[in-house]
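Q:
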Amino acid sequence: ESQSVTEETQQEETIQSLKDQLQKKTEEMTEARDQVLRIRAETENFKKRLQKEKTDLAMYANEKLIKQLLPIYENLDRALASPEISLQVLKDGVQMIFKQFTAFLEKEKVETIVALGDKFDPSKHEALKQIESDTHEDNIVVEEYSKGYLLHGRVLLPARVVISKKPSVAGEQLDESSEEEELVASA
58 ESQSVTEETQ QEETIQSLKD QLQKKTEEMT EARDQVLRIR AETENFKKRL QKEKTDLAMY
118 ANEKLIKQLL PIYENLDRAL ASPEISLQVL KDGVQMIFKQ FTAFLEKEKV ETIVALGDKF
178 DPSKHEALKQ IESDTHEDNI VVEEYSKGYL LHGRVLLPAR VVISKKPSVA GEQLDESSEE
238 EELVASA
């Protein structure tokens, strides 16, 4: 009988040991689950904060630029609101505002693309027409419809230009459409 009591005691101890291990693993699992939930919540909060920052950045990205443009806008407004204005005063005011705007563009690293007389470069120029010219080589910019601009050395807006081509060989029939050939604008 003492052996059966010892076996029962051992079984009870084993059962108790297994219960303790089960309890410990259950606590570890609960702690790990809580930690996963906390990390998930932190990740969601981080995503929300990042999205808000992204939205704010997009909304206020031009704030610095707008602040610099407002004085130019106010000068134009004042010029237009002047009750008595002569042509010379208006011209002087426009020149002053043009200088102010030019200084702003220079500060922002906006440069004009020099096109007239240069060889046509599709990365900087948009060809609107091609005209025959015996005074220019092929693909030379002979006229500029609108200026082009660079921002920090990268093309912001290509110059819209007319380029030259060599005249047709004498004796060939020339129709009017070959003298000024419209080019497809792609830049």
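Counted the way our numbering counts, the sequence shown spans residues 58 to 244. A virtual CB, placed ideally from N, CA and C, is assigned to each residue, including glycine. None of the values given here were measured: they were computed from a predicted structure.
1. If contacts are defined as beta-carbon pairs under 8 Å, then Ile188 and Ser225 qualify, I think. What distance do you get, rounded to the angstrom?
2. So, are the CB atoms of Val218 and Tyr206 less than 8 Å apart?
3. Please classify Glu233: does DSSP put it in a helix, a strand, or coil?
4. Three-state secondary structure (DSSP) at Val146?
5. Looking only at DSSP bridge pairs, what is Glu189 linked to?
6. Nearest-angstrom Cα distance between His193 and Lys176?
7. Report yes if the CB atom of Val212 is closer than 8 Å to the CB atom of Leu173, and no otherwise.
8. Taking only heavy atoms of the ligand ATP into account, decide whether any of them is closer than 7 Å to the Cβ of Leu162.
9. Does DSSP classify Glu70 as helix, strand or coil?
10. Would you report the Cα separation of Glu65 and Gln73, rounded to the nearest angstrom?
11. Just verifying my parser: in three-state terms, what is the DSSP assignment at Lys204?
A: In short:
1. Within the sequence shown, the letter at position 131 stands for residue 188. Within the sequence shown, the letter at position 168 stands for residue 225. Contact doesn't hold; Cβ gap of about 12 Å is too wide.
2. Reading the sequence shown from its first residue, position 161 is the one you call residue 218. Reading the sequence shown from its first residue, position 149 is the one you call residue 206. No Cβ-Cβ contact shorter than 8 Å links Val218 with Tyr206.
3. Here residue 233 corresponds to residue number 176 of the sequence shown, with the count starting at 1. Below a pLDDT of 50, predicted positions are generally treated as unreliable, and Glu233, at 43, falls in that range; the measurement from the model is reported next regardless. In the three-state DSSP reduction, Glu233 falls in the helix class (H, G or I).
4. Here residue 146 corresponds to residue number 89 of the sequence shown, with the count starting at 1. Correct three-state label for Val146: helix.
5. As a position in the sequence shown, residue 189 is number 132, starting the count at 1. Residue pairing by DSSP places Glu189 opposite Lys222 in a beta bridge.
6. Working through the sequence shown from its first residue, we reach residue 193 at position 136. Working through the sequence shown from its first residue, we reach residue 176 at position 119. Cα to Cα, the separation comes out at about 10 Å.
7. On the sequence shown, position 155 is the one that residue 212 refers to. On the sequence shown, position 116 is the one that residue 173 refers to. Not a contact, by the Cβ cut-off of 8 Å.
8. Annotation note on the ligand ATP: not contained in the displayed structure, which lists no ligands.
9. Residue numbering aside, residue 70 sits at position 13 when the sequence shown is read from its first letter. Helix at Glu70.
10. Residue 65 sits at position 8 when you count from the first residue of the sequence shown. Residue 73 sits at position 16 when you count from the first residue of the sequence shown. Whole-angstrom Cα-Cα distance: 12 Å.
11. Numbered from its first residue, the sequence shown carries residue 204 at position 147. Residue state for Lys204 is assigned as coil, using DSSP reduced to three classes.
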